[in-house]
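Numbering (the numbering used here), first residue to last: -14 to 164. Don't be surprised by glycine CBs; every beta carbon is placed ideally from N, CA and C. To keep things clear, I will list the structure first and then write my remarks on it.
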């Protein structure tokens, strides 16, 4: 099983102990023995080399799409592009990606509407959707969570954060499918 090669039983226990008990001194593996907070420890344990997958990137800004595509493809991900929410839903139905990176504001069908449409699909119920936004208001975050969003990335996108969050989201999905 892939999860055994990923963290192994001890690694999963360490994540649970580190996150649940607030004890961040438990290493995930011998080479990760430095002290980190739980999120950083987990992020260091999941590297893009550990995860493969198809990522749908939906953004109306061509520069944002190009940056996400180059970053993800450089690490071995297959990337599908969409320029608006309608195209994102159509591409999702065609390819059933492992993760969706969705801009909140797009013309026509926005990211929140596209997220709702994807969540209504059978495959969309288990696919992580990460919202990308420059907006910082509570209504945007609340609306995205209510629509079914799983996480947020702030613009401008930092490549390291993008890779860490995408690989973690895909790994969570894979673990869920194995259970």
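Might you give, ordered along the chain, the residues of its own chain that have their beta carbon closer than 8 Å to the beta carbon of residue i, omitting 5 neighbours on each side?
i           : result
residue 62  : 33, 37, 38, 39, 40 and 151
residue 54  : 42, 64 and 66
residue 161 : 111
residue 50  : 42, 44, 66 and 68
residue 146 : 138
residue 72  : 43
For residue i, does the count of other Cβ atoms within 10 angstroms reach 16, so buried, or fall short, so exposed?
i           : result
residue 182 : This structure cannot settle anything about residue 182, because the visible part of the chain is limited to -14 through 164.
residue 105 : exposed
Output the distance between the C-alpha atoms of residue i and residue j, rounded to the nearest integer angstrom.
i           : j           : result
residue 138 : residue 116 : 6 Å
residue 99  : residue 148 : 22 Å
residue 134 : residue 101 : 9 Å
residue 130 : residue 124 : 10 Å
residue 48  : residue 107 : 31 Å
residue 164 : residue 144 : 30 Å
residue 157 : residue 93  : 31 Å
Shorter than 6 Å, the distance from the beta carbon of residue i to the closest heavy atom of the ligand PLP, or not?
i          : result
residue 56 : The ligand PLP is not part of this structure, which contains no ligands at all.
With a threshold of 7 Å on Cβ separation, who are the neighbours of residue i within its own chain once the five nearest residues in sequence on each side are excluded?
i          : result
residue 95 : 70 and 89
Give me the DSSP bridge partner(s) of residue i.
i          : result
residue 84 : 40
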